[in-house]
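Have a look at the structure below, then the notes.
Numbering (the working numbering), first residue to last: 501 to 617.
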């Protein structure tokens with residue numbers, strides 16, 4: 501029963517994210533709104549970490565499974581991808597390394613802040 505209530509708490513923030521996405525005319529996905537709201541609620545103490553931790557760990561543990569439908573959808577578009585492979589490769593390779601670099605820098609910055617705190 502504990503996991504159900506933890507999941508419902510997370511789901512409430514997903515719903516709030518959907519509402520914000522509907523009412524705020526910015527090109528931000530609803531899931532990002534929901535994650536930011538959950539982060540703010542955790543930081544403000546409105547939601548305690550122990551109230552969502554086990555379910556959040558489970559969801560992040562199965563995160564890779566959530567990519568399977570997207571990969572299947574990509575396979576349906578194989579003809580289109582095959583026709584445009586070079587522009588896609590030129591776009592994806594630098595962006596991938598950019599994401600790696602930015603993610604690494606942010607992680608180092610956060611780890612450095614925790615060491616000094």
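All residues carry an ideal CB built from backbone N, CA and C; glycine is no exception.
Point to revise | Cutoff 8 Å; reference residue 558; Cβ partners in own chain excluding five residues on either side | key: Closer than 8 Å at Cβ, skipping near neighbours: 503.
Exercise for review: Would you mind working out which of 610, 521, 516, 603 sits nearest residue 541, comparing C-alpha positions?
Suggested key: Nearest of 610, 521, 516, 603 to residue 541, Cα basis: 516.
Practice item. Evaluate residue 537 with the Cβ neighbour count: other Cβ atoms within 10 Å of its Cβ, from every protein chain shown; 16 or more gives buried, anything less gives exposed. Key: Burial call: buried.
Review point. Who are the Cβ neighbours of residue 534 in its own chain at under 7 Å, not counting the five residues just before and after it?
Key: Closer than 7 Å at Cβ, skipping near neighbours: 513, 514, 516, 517.
Check your understanding: Would a C-beta distance cut-off of 8 Å place residue 608 and residue 552 closer than the cut-off?
Key -> Taking a C-beta distance under 8 Å as the contact criterion, residue 608 and residue 552 do not qualify as a contact pair.
Practice item. Quick one: grab the DSSP three-state call for residue 602. Key: Correct three-state label for residue 602: helix.
Review point. In chain order, which alpha helix (DSSP H) runs of at least 4 residues are fully inside the region 522 to 587?
Key: Every alpha helix (DSSP H) stretch that sits fully inside the region 522 to 587 and reaches 4 residues is listed by chain position as 530 to 544, 553 to 561, 568 to 576, 578 to 583.
Check your understanding: In whole angstroms, what is the alpha-carbon distance linking residue 589 and residue 574?
Key -> Near 15 Å, if we compare the C-alpha coordinates of residue 574 and residue 589.
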